[in-house]
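K.L.:
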Amino acid sequence: MSTTTPTARYFDALLRNSEVLAEAAAEADARGVKLNRQLREGTIALQRDTVELAKKLSGGGLQPAELISTCLESGLHAQSQTLQLAQTFSEDAIDASSRAHESIESISQANREVADATLSLCAAGGAWNPFLAAFAPKESPSPTSADPADGETPVDA
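Mapping to numbering that gives the first Met the number 0: the sequence shown position 152 is 151, numbers consecutive.
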C-alpha cells in the first residue's frame, strides 16, 4: 500500500467536508434572503396601507359608519397580511428543519470520512515514521494459540 493513497484520501475527505459545510451555509443564506425579502415586501405593503388609511382619515368628511368601516377594513387587511407572513415563515421553518436534518447528516458523514482518512493516514505514516510506529497498537497473540499438546486448553474450547 503506498502512502499517497491514504494522503489523497485524507485531502479528498477534507475537501468534501469543506464543500458540505459551504453548501449548508449557502442554503441557509438563501433561505434568509428569501425570508428577508418577504418580510420587507410585507412591511412595505403594511406601510402603504397605513398611509392610505391616514389619507382617508385626514380628508375629513367621513360619517361615523364610514370611519368604522374604513378602520375595520384596514385592520382586517393588515391582519390578513400578517397572517400570510406568519404562514410563510412557518412553512419555511418546517422546510428548513428537514433541510437542516439533511445537512447535519451530510456534515456528520463528511466528518466520519475525515476521521477514517486521518486514521488511515496515521497508520500508513507509521510505516515510514518510527515515532508514529512506536505508538501504533501492537498485535496481541490469539487466545487459541496455545498448543493443546502442552496440556493447555485453548480459550475457544
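Yeah, the Cβ is synthetic: ideal placement off N, Cα and C, and Gly gets one too. Here the structure is a predicted model, which is why all the values come from computation and not from measurement.
1. Helix, strand or coil for G60 per DSSP?
2. Excluding the five sequence neighbours on either side, which residues of its own chain have a C-beta within less than 6 Å of the C-beta of I103, listed in chain order?
3. Would you kindly work out how many angstroms separate the C-alpha atoms of L34 and V19, rounded to a whole number?
4. Quick one: is P63 buried, meaning 16 or more other Cβ sit within 10 Å of its Cβ, or exposed?
5. Report all residues from its chain with a CB closer than 7 Å to the CB of A156; omit the five preceding and five following residues, and keep chain order.
6. Is it true that the region 65-83 meets the region 100-114, where meeting means three or more beta-carbon pairs spaced less than 8 Å apart?
P.N.:
In terms of the structure at hand:
1. The answer is coil: DSSP assigns G60 none of H, G, I, E or B.
2. Cβ neighbours of I103 beyond the five flanking positions: none.
3. Going from the Cα of L34 to the Cα of V19 covers about 23 Å.
4. exposed
5. The pLDDT assigned to A156 is 45, lower than 50, so where the model puts this residue is not dependable, and the model offers no usable value.
6. no
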